[in-house]
Structures are given as C-alpha cells and as structure tokens.
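Numbering (our numbering), first residue to last: 25 to 494.
A virtual CB, placed ideally from N, CA and C, is assigned to each residue, including glycine.
If you're wondering where the values come from, they're calculated on a predicted model, not measured in any experiment.
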Amino acid sequence: MLPEFLDHLKTIVGPRGFIDTPEEAAPYLTEARGRFVGRCRAVVRPATTAEVAGVVRLCAEAGQPIVPQGGNTGLVGGSIPFETGDEIVLNLGRLNRIRELDALNHTITVEAGCILQTVQQAALDADRLLPLSYGAEGSCQIGGCLATNAGGTMTLRYGNTRELVLGIEVVLPDGRIWDGLRRLRKNNTGYDLKHLFIGAEGTLGIITAAVLKLVPRPRQIETAFVAVPDPAAAIALLAELREATGDALTAFELIPRRGLEFAHRHVAGVTDPLVDPHAWYVLVEASAGTGEGTLRALFEAGLARGLESGLVLDAAIAENTRQRQAFWLIREALVEAQKYEGGSLKNDVSVPVSRVADFIAEATRAVEACIPGIRPVPFGHVGDGNIHFNLNQPEGADTAGFMARWDDIQTLVNDIVCRLDGSISAEHGIGRIKRQELARVKSPVELDLMRAVKTALDPQGLMNPGKVLP
25 MLPEFLDHLK TIVGPRGFID TPEEAAPYLT EARGRFVGRC RAVVRPATTA
75 EVAGVVRLCA EAGQPIVPQG GNTGLVGGSI PFETGDEIVL NLGRLNRIRE
125 LDALNHTITV EAGCILQTVQ QAALDADRLL PLSYGAEGSC QIGGCLATNA
175 GGTMTLRYGN TRELVLGIEV VLPDGRIWDG LRRLRKNNTG YDLKHLFIGA
225 EGTLGIITAA VLKLVPRPRQ IETAFVAVPD PAAAIALLAE LREATGDALT
275 AFELIPRRGL EFAHRHVAGV TDPLVDPHAW YVLVEASAGT GEGTLRALFE
325 AGLARGLESG LVLDAAIAEN TRQRQAFWLI REALVEAQKY EGGSLKNDVS
375 VPVSRVADFI AEATRAVEAC IPGIRPVPFG HVGDGNIHFN LNQPEGADTA
425 GFMARWDDIQ TLVNDIVCRL DGSISAEHGI GRIKRQELAR VKSPVELDLM
475 RAVKTALDPQ GLMNPGKVLP
C-alpha cells in the first residue's frame, strides 16, 4: 500500500510540497551538528494548516509515524527521523505568512514556518520589539522555537519563549485543528492548553501558528564588556546591576578567558576589548523604552559601585552600534570557535542563579579529575541560571576516543546539576540525545504524568516517536 499512500500524500501537498528522492531529501535528514543522519519515506512540505491537517489525518488512518520539523537547527536530534526509514518528515517551512500585526495590542500572529529574524524585523518595522533572540535566528522557524521552548539571550528580562506566547493553532494527532489563537492577556477559562504543546517537541501535535507578545521598541541600549574576578563575583554583579538600573538588564552573559582566546584565534573580527587579560568576563546589556538618556547614568553608576567593591576589575562600555556589535561577536563566536579545537562535549544545563558559581567550580573539578587536560568552556546566559558547560578535548588527544566519553561525562555533570536543584536541559530540549537521561533524573510520578498526556493525545504514538519520552 506504500505507493498508494505516498500518492495520496502528494495529492494533498502538491508536487512542490513533496520530496521522495534521496538528493532532495538530504538537507532534511541531517542534524545541525551532524551527529544524526536519518532516512524517511518522504518529506512533505504543506503550505497551509489545512494541508497539514490533511497529511496528519491520512497518516493517522494509515498508522504512519511523523517527524515534525521546522528550521532543523535543533541540537538534540528532535527533528531528525531515525535510521530505519519508516517515518515521514513534515517540514513547516512553507507556512511562512505573517497573518496579523496588532501594534496597539502589542501582538503579532505568525505561521510556524516564519523565520525568527523575519518576524523580528516585522516587529521593528512597526516600532515594536519581539524579545526573542538566539544564534540561529536567521534560519530557525517560529514553530520550532515554540516546540522546543528555546531560551536565548533575553530570557533574563522577558522570559523563555513560553512566556511570549498568548495563543497557538495546533493540528492534533488525529488531524483535527485546534484554533487557540487568542490575543488575550487574561483568559481564565479552564486549562491553559497551549502549554501542553509548547516545549513538547512535536510529540503531542504540530503547532502551525502562534500569537506572540511584542514590547515597545527600546530607545536606549547600553552594553558593556566587563572583567570580573570569578563566577561568584559575576553573580553578585548581576544583582548589583539589576538594582542599579531598576531591573532594566536584558542580557548577562558569562565568558571565560579560554573561550575568548578560542574566538580570537578562529573567528575573524574578534578582538579583546580590554587592555589586560582576565580569567572571566560578563557581557551585560540593559535597555529602556525612553530616549531621555537616564539609563546610561544608572548603568555607569552600577558598574562604578562594582569597581569599588571589587566585583569589577575593568570594563568597556560601547559608545556606538559598531562597538556593541563587536562585543556581541565575541559571545556569538564562542560556539563556532570550539569546533576548531577538536572534540567538544556539550552540556546545556541550568541551576538556580545563586548556585551558578558552585556548579561551575564543582563540575570543573569533576571533569578535570575524570579526563586530565580537558579544557572546560563554561559560558552563557547565567543571568537566568543557564550554563553551556562545554568541554573541549585535551590538546593532542584522540577526538574519537574523547567523544566516546560523552555519556560518562554527561552523567557526571548531570549528577552535580541535580544535586544543586537544576535541570539537565535548560533550553535545547530533550529530543533523542537526552531521552534516557530524562528517565534517570525524573521522578516516576513525573514520567507517569508525561506518559498519560502522551497517551491521551497521541494514543497511536505517531507524533515524533522515540523523542523526549524514554
């Protein structure tokens, strides 16, 4: 029946929305880091919510598993089919319309395939800001952002993606469409169903559109690159600057000296903003909706108090857009630069902000004892407790042998995270990589609740099978 089934799929999405040749399908089957390369029966690219529903309905009738996919920028294998070739990939890239921008309501309604950067620009054109930003914003899609509840650099001020969503439209596993595109900030009418699907990584249904919150476009942005003695001082400075600016901080990013050196060595345009080298830095940004210039004085006063108390060793404040972009280039280059230093074990974790310094110290000691010569590069959004605890191989080490230690090191790091009341996934999700680890750290009650929700919504288990739930 497979040829007949595929013909029906092609009829629903049309020739432009159907791919079944290996060459054309290849870009949809490889994970961003290259760790997984899957196979599939076909890639379908519907152009409307109705077409998505038609595909899902046909698959439900045939018992055909589906892998929903956005921009395929995820880092845990959640949007890649397995190697068996039994699944179809449903890519949402053609659902890319901005349906409505309501400037007075500070909302924008967009389809799942819209590129995040496109939506950001549409908001700016209306003198508004979509406060959602991360490295893949030029290629990631809104549906994937919601499905993974991705975080980013503005979480400190505006919260995770989940907190920026007022309503969603979802195609359920049986092909029905739930229109939950509400633009309301207050809607107290029972279960808030949208939160079942946000962060579910396509295992409960397919998000096809969303209503996102906008905020007034900032009139002042102040950015500084600051040297600090250690992560403990960085966290103390975070509290100082939040108070000094009236909680106007939008980003607070930790950068180790090793990471800056990697970036300077391998990424064009990266420069050291300060005269003398220091072990630790933070990239700090604050913003305000008015153009009166008061934020600069508050920002400088907070840094001055940090300098007096020893929390700040040196600092450079951006005087123009070019300098601000140069500071951010360092942060963005941290990720790219590590791949030129050999194998890198990735840990996307979070702990309470007050325990960030304890985690970095304890985890660094543990991995250095486990693999002598390992080169930790802990960095990231410590303003919200999220540390990318990445570990580069010892110089001259065998890369394959080092990468084979992934599971051992992940267990070691995650045990420390859990002991400090943290999370084994801060913003990348569970996908395929952390599925078994989730079973190890979640309580039986939590796992039972998750399975109950999955069974209730997707009794056939056709939506992104083998992802998230162990």
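Leu-507 versus Leu-284 - alpha carbon distance
Beyond the ends of the chain as shown, which are 25 and 494, falls residue 507; an answer cannot be given.
Sequence-distant residues of the same chain with beta carbon closer than 7 angstroms to Gly-159, five excluded per side
As a first step, residue 159 must be located in the sequence shown, where it is residue number 135. If we look at Gly-159 and ignore the five residues flanking it on each side, its Cβ neighbours are Glu-356, Val-359.
Which of helix, strand or coil does DSSP assign to Val-100?
Here residue 100 refers to the residue found at position 76 when the sequence shown is read from its first residue. The answer is coil: DSSP assigns Val-100 none of H, G, I, E or B.
Does the beta-carbon distance from Phe-383 to Val-375 come in below 8 angstroms?
Position 359 of the sequence shown, counted from the start, is the residue given in the question as residue 383. Position 351 of the sequence shown, counted from the start, is the residue given in the question as residue 375. Yes, they are a contact pair.
Every unbroken alpha helix (DSSP H) within the segment 340-387, with a cutoff of 4 residues, ordered by chain:
345-362
Going by alpha carbons, who is nearest to Arg-123 out of Thr-232, Ala-248, Val-306?
Here residue 123 refers to the residue found at position 99 of the sequence shown. When each option's Cα is compared against that of Arg-123, the closest is Thr-232.
Please go through the same chain and pick out, in chain order, the residues whose beta-carbon is closer than 6 angstroms to the beta-carbon of Val-492, but skip the five residues on each side of it.
Here residue 492 refers to the residue found at position 468 when the sequence shown is read from its first residue. So the qualifying residues of the chain are Glu-225, Thr-227, Ile-454.
Compare the C-alpha of Pro-197 against each of Thr-179, Thr-213, Gly-167, Gly-229 and name the closest.
Stepping through the sequence shown from its first residue, residue 197 is reached at position 173. Among Thr-179, Thr-213, Gly-167, Gly-229, the Cα nearest to that of Pro-197 is on Gly-229.
With a cut-off of 8 angstroms, do at least 3 Cβ pairs link the segment 269-287 to the segment 343-351?
no
Distance check for Trp-304 and His-288, CA to CA, integer angstroms please.
Sequence index remark: in the sequence shown, residue 288 carries index 264 (1-based). Sequence index remark: in the sequence shown, residue 304 carries index 280 (1-based). Roughly 15 angstroms between the two C-alpha positions.
Spatial distance of Ala-275 from Pro-253 (CA atoms)
In the sequence shown, residue 275 corresponds to position 251, counting from 1. In the sequence shown, residue 253 corresponds to position 229, counting from 1. Computed Cα separation, rounded: 19 angstroms.
Return the Cβ separation of Gly-176 and Leu-273 in integer angstroms, given the expectation that the two are a contact with Cβ distance under 8 angstroms.
Residue mapping note: residue 176 aligns to position 152 of the sequence shown, counting from 1. Residue mapping note: residue 273 aligns to position 249 of the sequence shown, counting from 1. Incorrect: roughly 14 angstroms between the Cβ atoms, too far for contact.
Under the DSSP definition of a beta bridge, which residues are partnered with Ala-248?
Counted from its first residue, the sequence shown places residue 248 at position 224. In DSSP, Ala-248 forms a bridge with Val-308, Ile-341.
Which runs of the alpha helix (DSSP H), 4 residues or longer, sit entirely within the segment 381-439?
423-427
CB-CB under 7 angstroms to Val-79, same chain, minus the five flanking residues each way: which ones, in chain order?
The residue given as residue 79 occupies position 55 in the sequence shown. Within the same chain, Val-79 has close Cβ partners Leu-33, Ile-36, Val-37, Val-68, Pro-70, Leu-114.
Could you compute how far the alpha carbon of Glu-264 sits from the alpha carbon of Ala-325?
Residue numbering aside, residue 264 sits at position 240 when the sequence shown is read from its first letter. Residue numbering aside, residue 325 sits at position 301 when the sequence shown is read from its first letter. In a straight line, the C-alpha of Glu-264 is about 10 angstroms away from that of Ala-325.
For His-412, is the classification buried or exposed, using 16 other Cβ atoms within 10 angstroms of its Cβ as the cut-off for buried?
As a working note, residue 412 is residue 388 in the sequence shown. So His-412 ends up on the buried side.
Identify, in the order they occur along the chain, each residue of the same chain with its Cβ nearer than 6 angstroms to the Cβ of Asn-184, setting aside the five sequence neighbours on each side.
Locating residue 184 in the sequence shown gives position 160, counting from the first residue. Excluding positions up to five away in sequence, the list reads Asn-173, Gly-175.
Under 8 angstroms between the Cβ atoms of Arg-243 and Thr-314?
In the sequence shown, residue 243 corresponds to position 219, counting from 1. In the sequence shown, residue 314 corresponds to position 290, counting from 1. Closer than 8 angstroms, so yes.
Do you know whose CA, among Pro-27, Ala-381, Gly-420, lies nearest Phe-403's CA?
Residue numbering aside, residue 403 sits at position 379 when the sequence shown is read from its first letter. Of the candidates Pro-27, Ala-381, Gly-420, the one whose C-alpha sits nearest the C-alpha of Phe-403 is Ala-381.
Indicate the three-state DSSP secondary structure (helix, strand or coil) for Lys-92 in the structure shown.
As a first step, residue 92 is located in the sequence shown; it is residue number 68 there, counting from the start. A small correction: the amino acid at residue 92 is Pro; Lys does not occupy that position in the sequence shown. Strand, per DSSP.
Excluding sequence positions up to five away, which residues of its chain have a Cβ less than 7 angstroms from the Cβ of Arg-241?
Locating residue 241 in the sequence shown gives position 217, where the first residue counts as 1. Excluding sequence neighbours, Arg-241 sits near Leu-148, Asp-151, Arg-152, Leu-153.
Does DSSP put Met-474 in a helix, in a strand, or in coil?
Position 450 of the sequence shown holds residue 474. Looking at Met-474 - three-state DSSP - the assignment turns out to be helix.
Can you grab the Cα-Cα spacing for the pair Arg-57 / Ala-66, in whole Å?
Within the sequence shown, numbered from 1, the residue matching residue 57 stands at position 33. Within the sequence shown, numbered from 1, the residue matching residue 66 stands at position 42. Each residue's Cα considered, the two are about 22 angstroms apart.
Best match in Val-239, Ser-378, Leu-486 for proximity to Thr-85 [C-alpha to C-alpha]:
Position 61 of the sequence shown, counted from the first residue, corresponds to residue 85. Correcting the residue identity first, residue 85 is Glu in this sequence and not Thr. Comparing Cα positions, the closest option is Leu-486.
Whose CA, out of Val-100, Ala-310, Phe-60, Glu-107, lies closest to the CA of Ile-457?
Residue numbering aside, residue 457 sits at position 433 when the sequence shown is read from its first letter. Of Val-100, Ala-310, Phe-60, Glu-107, the residue nearest in Cα terms is Val-100.
Reference Leu-319, options Arg-121, Asp-271, Gly-334, Asp-338, closest by Cα
Mapped onto the sequence shown, residue 319 falls at position 295. The residue with the shortest Cα to Cα distance from Leu-319 is Asp-271.
So what does DSSP say about Asp-149, is it helix, strand or coil?
Position 125 of the sequence shown, counted from the first residue, corresponds to residue 149. Here Asp-149 sits in helix by DSSP.
Cβ pair Val-239, His-130 closer than 8 angstroms:
Sequence index remark: in the sequence shown, residue 239 carries index 215 (1-based). Sequence index remark: in the sequence shown, residue 130 carries index 106 (1-based). Yes, these two residues count as a Cβ contact at 8 angstroms.
Report yes or no: do three or more beta-carbon pairs, one from the segment 443-454 and one from the segment 97-112, lie closer than 8 angstroms?
yes
So Ala-234 and Gly-191 are supposed to be a Cβ contact under 8 angstroms. How far apart are they, rounded?
On the sequence shown, residue 234 is found 210 positions in, with the first residue counted as 1. On the sequence shown, residue 191 is found 167 positions in, with the first residue counted as 1. Their Cβ separation, rounded to whole angstroms, is 7 angstroms, which keeps Ala-234 and Gly-191 in contact under 8 angstroms.
Within the continuous alpha helix (DSSP H) that includes Phe-221, where are the two ends?
Sequence index remark: in the sequence shown, residue 221 carries index 197 (1-based). First-last of the alpha helix (DSSP H) with Phe-221: 218-221.
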